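Novice:
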Amino acid sequence: LNPEFGEWFGERMQPHLRREIERQKAVIAQRKGEFREGRPPQGLEGRTVVLTDDGIATGATARAACEVARRHGAARVVLAVPVAPAGWRDDMGDAADAYVAVMEPAHFSAVGEWYREFGQTSDDEVVELLRAASMPTTE
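So this is what it looks like as structure tokens:
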């Protein structure tokens, strides 16, 4: 949790905030189990990790993902997105080692406005994609 955010809520809200954090940790643990289907996590130690997102709005989620990759030992972190606002690299700072954006429109207000279709990916779709990606290739 961002420390400034916690301070902003004040002492009175701390018990509620702690309960919500614990609740979210339980949800994350459950979803990891569902998505991995018993497969172990992939090691990042010493690897180049390319993180993708549907686009950059505030950058908070992408920044957090970069931090997780680094904590897990990634040697290099590359953040690649289809769309981001002008100046996004400066806003991201040193969260990643390299940044790639297909489009950086001058007039940017939301990621979704740059897609013809911007529907959510269902959990079932995620499970199927992860399952397919974990299958050995026959080359």
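Quick note: the sequence shown uses this note's numbering, first residue 700, plus one each step.
Backbone N, C-alpha and C define an ideal beta-carbon position, used for all residues, glycine too.
As the structure is a prediction and not an experimental result, all values here were calculated from the model.
So is I720 buried or exposed if we call it buried at 16+ other beta carbons inside 10 Å?
Specialist: Burial call: exposed.
Novice: Following the continuous beta strand (DSSP E) through A763, name the residue where it begins and the one where it ends.
Specialist: No beta strand (DSSP E) contains A763, which is instead part of the alpha helix (DSSP H) from 759-770.
Novice: Can you give me the start and stop residues for the beta strand (DSSP E) that M712 sits inside?
Specialist: Premise fails: M712 is in no beta strand (DSSP E) and is neither H nor E.
Novice: Is the separation between the beta-carbon of A785 and that of F807 shorter than 9 Å?
Specialist: yes
Novice: Which one or two residues does DSSP pair with M802 in a beta bridge?
Specialist: DSSP output for M802 lists V782 as bridge partner(s).
Novice: Locate the beta strand (DSSP E) running through L750, then write down its first and last residues.
Specialist: 747-751
Novice: What does DSSP give as the partner residue(s) for A797 in the beta ladder?
Specialist: In DSSP, A797 forms a bridge with V777.
Novice: How many angstroms separate the CA atom of A831 from the CA atom of V825?
Specialist: 10 Å
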